[in-house]
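Numbering (full-length UniProt numbering), first residue to last: 1 to 399.
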């Protein structure tokens, strides 16, 4: 799993469910998974349909990341606190499977066991709500206390974005941290990249000072500036973006230092048009859709599935397999034993966008129905069941 963004880790429940966050200060919506942005006031075309910024962001989540539930379930159990079985069951519950169907999918258990798991998950949700309330009350109590005169005098200026809401770094702390990580002086090399957040932010803010305000940098130029101080420029560049000290165009062709007081109309207009052009180009590019198979290179067994966005479908299948909660337990078992290199992801049939389809929201359903029909035909043709494959045989065929 890729590194989790700080925005996602600190997002509230509402934004986590949506998968994106709104920044009213700069009129943008930002994907919590990959950082993709849309901007209010810009219309985004896709397959002949025009979408406003928030609707376009919702479609981005669906097309590129399948769903927020799938993404969150794919996260490490240390982050979610869910066991592999719980993640699998939540996926089945979300699909609306009955208890009997779930028992058939996991090849064992009883309906009472499934009901017990449902009950325990609801209890876990109640506990999580209470714990969240406790923590929020604790933090609100801390914010209500007035800082001493001494600490007020030493407080640093507000950090960018939401960092300022949860972090306060005094001048004394700033000097102490920088002296540790820049042992040869403030203009010398960075000895190591800190793991503790307050130290990390302090170092990033200092490193951002190496860049000129108002100047546009290429990715190569950004790397050169960072590498003069720290060898791992890729990590440093990513964190400068994630923590809001720098920004870039979606294709990474231009980078710049974000202005601390940048609000409302105070934007970099020279970049807006370029951003719009890149986003329009991306959104107007039809997504390949159709049927694919996952083939075991050692025994030839296959798993057939489909999607209206084949790259997204492949990424979704890999995420489930890597996270050990794939719907096919047999495929999951072989994947775990043999590794990813033992499997091939192959396109069986691709559906070209229909220019005759109506240019409205019904178009997506037209494609979805066509893809579902194609998948059914391939299942009938290949019969990827039992010894030949990993798909579950349709219930009617078992009778």
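A virtual CB, placed ideally from N, CA and C, is assigned to each residue, including glycine.
Nearest C-alpha to residue 289 among 313, 237 and 41: 313.
By the neighbour-count definition (other C-beta atoms within 10 Å, threshold 16), residue 96 is an exposed residue.
With a beta-carbon spacing of about 17 Å, residue 241 and residue 202 fall beyond the 8 Å limit used to define contacts. Annotated as distal: residue 303 and residue 323, with beta-carbon spacing of 8 Å or more. DSSP links residue 256 through a beta bridge to 247. For residue 346, the enclosing beta strand (DSSP E) starts and ends at 343 to 351.
In this structure residue 318 does not touch residue 388 by the C-beta definition: roughly 22 Å separates them, more than the 8 Å allowed.
Residue 295 is bridged by DSSP to 302 and 344. The C-alpha of residue 36 is placed about 12 Å away from the C-alpha of residue 59. Within 10 angstroms of the beta-carbon of residue 243 lie 16 or more other beta-carbons, which makes it buried. Taking the CA atoms as reference points, residue 111 sits about 32 Å from residue 338.
For residue 63, the enclosing alpha helix (DSSP H) begins and ends at 53 to 65. Collapsing the DSSP output to three states places residue 394 in coil.
Taking the Cα of residue 335 as reference, the smallest distance to any Cα among 320, 346, 199 and 124 is reached at 320. Residue 89 and residue 68 have their C-alpha atoms roughly 16 Å apart. Residue burial is scored here from C-beta neighbours: residue 73 has at least 16 other C-beta atoms within 10 angstroms and is therefore classed as buried.
Residue 344 holds the alpha-carbon nearest to the alpha-carbon of residue 297 among 287, 252 and 344. If the five residues before and after residue 210 are omitted, its C-beta is found closer than 6 Å to the C-beta atoms of 225, all from its own chain and listed in chain order. In the DSSP assignment, residue 15 is bridged to no other residue. A distance below 8 Å between beta-carbons, with the five flanking residues on each side excluded, links residue 198 to the following residues of its chain, in chain order: 167, 169, 173 and 177. Using a Cβ distance threshold of 8 Å, residue 245 and residue 204 count as a contacting pair. Taking the Cα of residue 117 as reference, the smallest distance to any Cα among 129, 87, 137 and 130 is reached at 87. In this structure residue 374 is not in contact with residue 340, their Cβ atoms being roughly 26 Å apart against a cut-off of 8 Å.
DSSP, reduced to helix, strand and coil, places residue 227 within a helical segment of the structure shown. Residue 391 and residue 371 have their alpha carbons spaced roughly 17 Å apart.
Scanning its chain for C-beta atoms nearer than 6 Å, with the 5 sequence neighbours on each side dropped, one finds no residue around residue 381. Counted as a single uninterrupted DSSP element, the beta strand (DSSP E) harbouring residue 44 occupies residues 44 to 46. In the same chain as residue 326, and ignoring 5 residues on each side of it, the C-beta atoms closer than 7 Å to its own belong to 320 and 332, in chain order.
For residue 187, there is no enclosing beta strand (DSSP E), as DSSP gives it neither H nor E. In the three-state reduction of the DSSP assignment, residue 316 falls in the helix class.
Rounded to the nearest angstrom, the gap between the Cα atoms of residue 239 and residue 200 is 9 Å.
Ranking 299, 39, 291 and 309 by CA distance to the CA of residue 379 puts 291 first.
In this structure, residue 20 lies near residue 30, with their beta-carbon atoms less than 8 Å apart.
One thing to note: residue 295 has its Cβ no nearer than 8 Å to the Cβ of residue 63.
If you draw a 10 Å sphere on the C-beta of residue 92, you find 16 or more other C-beta atoms in it, and that means buried.
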